[in-house]
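**Q** Residue numbers (the working numbering): 7 to 329.
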Amino acid sequence: MHVKQAYFIGVDGGGTRTTCVLAQLDGTVIGRSTGLGINYNNIGMEEARKRLHDAVTPLLPGDGEIRGMCIGMSALDYAADADTTRAFCGDLFDPALTDMQSDAYTALVGYTLGECGMLIICGTGSMILMVDKCGWETVTGGWGHILGDPGSSHQIAMDALRCAINHWEGVAPSPALADAAMRHFALAHPRQLIDRVFAPDYSPAAIAAFAKDVLILAAQGDENAYRILKNNMEHCARECAALLKNAPEAANVGLHGGVFAHNPLARELFTNALCALVPNARTGMAAYPPELGALIHLYKKQGLLSEQVLKNLQTSYKHIQNA
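Here's what the structure looks like:
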């Protein structure tokens with residue numbers, strides 16, 4: 007008698023890009039696909055559902071069954087309730103097999119393997135997720151670019167642009183940041199920045215891209231750029247420390263997002279500031295990306311997580327990424 011192969015699907019569903027992986031129950035990843043973002047707060051449930059279906063379909067096995075799918079979604083702060091899951095799944099996915107979590111949670115699982123801990127995300131935006139020893143989740147930050155996202159590349163870029171404006175108006179000198187802004191935004195005159203930033207098709211991500219220039223200047227020792235980065239990292243550290251007052255066992259803090267991934271100075275400044283406030287805190291980067299964090303969540307949920315599964319996930323996914 008032929009026994010069908012069983013599979014899990016892990017999804018990292020961001021606002022601009024979605025990554026899906028298909029794995030066997032032993033942790034062997036056998037497929038990866040990508041698609042457009044599935045944040046239904048921005049594009050609606052129907053479009054998000056269709057985009058995920060388009061991204062997942064190339065992975066679906068012809069001779070096996072899907073045992074479960076975990077979606078880490080940028081549209082969520084916490085796990086979706088049954089009504090939200092059914093609404094999202096519609097007639098394309100089985101809600102009984104679909105586990106919808108926040109993308110912060112699946113990224114955290116990629117760091118803690120489902121144990122208690124904390125994740126701070128500093129990408130285009132920023133937020134913090136903590137899971138305590140009882141499994142309770144607490145979210146802070148994530149207010150968005152209008153209300154403020156300290157530690158994010160958008161906030162760092164905006165702080166730098168304000169320094170550049172102060173320089174142009176003679177309020178306070180910041181020549182390096184002012185020159186960097188002129189180059190980055192291709193300005194012939196400083197006041198052209200107004201047209202760039204308020205153009206109808208301009209986005210927070212386009213402003214956030216300027217943070218790369220700021221972080222380079224900070225690493226080179228520019229006083230103003232360094233102060234901007236330091237202030238942002240210290241603010242993030244204070245937010246984390248405030249959460250840890252109620253759950254000191256969660257002082258294992260994962261660092262996630264482009265600000266941390268590409269900038270040793272940002273990691274150093276944040277870690278130093280946090281350890282000054284919480285001496286037993288430790289920080290690090292996740293060993294598993296969020297799409298594998300989604301898989302790890304499923305393995306743990308179904309009692310299948312083991313050292314061998316983790317090893318298989320890591321080695322097989324590396325092979326697929328390098329193929």
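Every residue gets a Cβ at the ideal spot worked out from N, C-alpha and C, and that includes glycine.
1. Would you tell me roughly how many angstroms separate the C-alpha atoms of Asp32 and Ser322, rounded to the nearest one?
2. What would DSSP say about Gln308, mapped onto helix, strand or coil?
3. Please give the ranges of any alpha helix (DSSP H) in the region 231-319, keeping only runs that are unbroken, at least 4 residues long and fully inside the region.
4. I need the boundaries of the alpha helix (DSSP H) containing Leu202, first residue and last residue.
5. Measuring CB atoms only, is the region 200-220 touching the region 240-255, in the sense that at least three cross pairs come out at less than 8 Å?
6. Which partner residues of Ser209 appear in the DSSP bridge assignment?
7. Report yes if the CB atom of Met79 is closer than 9 Å to the CB atom of Phe14, and no otherwise.
8. What are the complete alpha helix (DSSP H) segments, minimum 4 residues, inside the region 124-183?
9. Hey, which unbroken runs of the beta strand (DSSP E) at 3 residues or more fall wholly within the region 39-104?
10. Can you look up Asn328 in the DSSP assignment and give me helix, strand or coil?
11. Assuming Leu65 and Gly19 form a contact by the criterion Cβ under 8 Å, report the distance between their Cβ atoms to the nearest whole angstrom.
12. Could you name the residues of the same chain whose beta carbon sits closer than 8 Å to that of Ala184, not counting the 5 residues immediately before and after it, in chain order?
13. Using the Cα positions of Glu53 and Asp60, report the straight-line distance between them to the nearest angstrom.
14. Who are Ile15's beta bridge partners in DSSP?
15. Count the other C-beta atoms from every protein chain shown that fall within 10 angstroms of the C-beta of Glu297, then say buried if there are 16 or more, exposed otherwise.
16. What is the DSSP secondary structure of Gly37, reduced to helix, strand or coil?
17. Does Cys156 pass the burial test, meaning 16 or more other C-beta atoms within 10 Å, or should it be called exposed?
18. Using alpha carbons as the reference points, say which of Cys95, Gly290, Val265, Cys128 lies closest to Ala225.
19. Tell me whether Leu98 is buried or exposed, calling it buried when 16 or more other Cβ atoms sit within 10 Å of its Cβ.
20. In terms of alpha-carbon separation, which member of Asp87, Ala212, Glu255 lies closest to Pro285?
21. At the level of alpha carbons, what is the spacing between Ala329 and Thr24?
22. Could you check if Gln198 is buried or exposed, using at least 16 other CB atoms within 10 Å of its CB as the buried criterion?
23. Buried or exposed: Ile44, going by 16 or more other Cβ atoms within 10 Å of its Cβ?
24. Quick check on the DSSP output: the alpha helix (DSSP H) that includes Asp109 runs from which residue to which?
25. Measuring alpha carbon to alpha carbon, tell me which residue in Met124, Gly116, Arg73 is nearest Ala102.
26. Going by C-alpha to C-alpha distance, which of Ile127, Gly68, Leu221, Gly70 sits closest to Met164?
**A** For this structure:
1. Counting from one through the sequence shown, the residue named residue 32 turns up at place 26. Counting from one through the sequence shown, the residue named residue 322 turns up at place 316. When rounded, the distance between both Cα atoms is 11 Å.
2. Residue 308 sits at position 302 when you count from the first residue of the sequence shown. In this structure, Gln308 counts as coil in the three-state DSSP scheme.
3. Qualifying alpha helix (DSSP H) stretches, in chain order: 264-267, 270-283, 296-307.
4. Stepping through the sequence shown from its first residue, residue 202 is reached at position 196. Contrary to the premise, residue 202 reads as Arg rather than Leu in this sequence. Residues 198-203.
5. No, the region 200-220 is not in contact with the region 240-255.
6. Residue 209 sits at position 203 when you count from the first residue of the sequence shown. DSSP lists no partner for Ser209.
7. Here residue 79 corresponds to residue number 73 of the sequence shown, with the count starting at 1. Here residue 14 corresponds to residue number 8 of the sequence shown, with the count starting at 1. No, the pair does not count as a contact, with Cβ atoms beyond the cut-off.
8. Runs found: 159-174.
9. At a cut-off of 3 residues, the continuous stretches assigned as beta strand (DSSP E) that sit fully inside the region 39-104 are 70-79.
10. Locating residue 328 in the sequence shown gives position 322, where the first residue counts as 1. Of the three classes helix, strand and coil, the one that applies to Asn328 here is helix, per DSSP.
11. Stepping through the sequence shown from its first residue, residue 65 is reached at position 59. Stepping through the sequence shown from its first residue, residue 19 is reached at position 13. Not confirmed; about 14 Å, so no contact.
12. The residue you call residue 184 lines up with position 178 of the sequence shown. The beta carbon of Ala184 sits closer than 8 Å to those of Cys169, Ala170, His173, Trp174, Pro196, all from its chain and outside the five residues before and after it, given in chain order.
13. By one-based count along the sequence shown, residue 53 stands at place 47. By one-based count along the sequence shown, residue 60 stands at place 54. Near 11 Å, if we compare the C-alpha coordinates of Asp60 and Glu53.
14. Position 9 of the sequence shown, counting from 1, holds the residue named residue 15. Partner(s): Leu28, Met75.
15. Translated into positions along the sequence shown, residue 297 becomes position 291. Label assigned to Glu297: buried.
16. Position 31 of the sequence shown holds residue 37. Of the three classes helix, strand and coil, the one that applies to Gly37 here is strand, per DSSP.
17. The residue labelled residue 156 in the question sits at position 150 within the sequence shown. What sits at residue 156 in the sequence shown is Pro, not Cys. With 16 or more Cβ atoms within 10 Å of its Cβ, Pro156 is classed as buried.
18. Translated into positions along the sequence shown, residue 225 becomes position 219. Of the candidates Cys95, Gly290, Val265, Cys128, the one whose C-alpha sits nearest the C-alpha of Ala225 is Val265.
19. Residue 98 sits at position 92 when you count from the first residue of the sequence shown. Exposed is the call here.
20. Counting from one through the sequence shown, the residue named residue 285 turns up at place 279. Closest by alpha carbon: Glu255.
21. Here residue 329 refers to the residue found at position 323 when the sequence shown is read from its first residue. Here residue 24 refers to the residue found at position 18 when the sequence shown is read from its first residue. The alpha-carbon of Ala329 is positioned some 19 Å away from that of Thr24.
22. By one-based count along the sequence shown, residue 198 stands at place 192. The residue is exposed, with fewer than 16 neighbouring Cβ atoms inside 10 Å.
23. Translated into positions along the sequence shown, residue 44 becomes position 38. With 16 or more other Cβ atoms within 10 Å, it is buried.
24. In the sequence shown, residue 109 corresponds to position 103, counting from 1. Looking at the DSSP string, the run of the alpha helix (DSSP H) that includes Asp109 is 109-118.
25. Translated into positions along the sequence shown, residue 102 becomes position 96. Scanning Met124, Gly116, Arg73 for the CA closest to the CA of Ala102 turns up Arg73.
26. As a first step, residue 164 is located in the sequence shown; it is residue number 158 there, counting from the start. Out of Ile127, Gly68, Leu221, Gly70, the CA that lies nearest to the CA of Met164 is found in Leu221.
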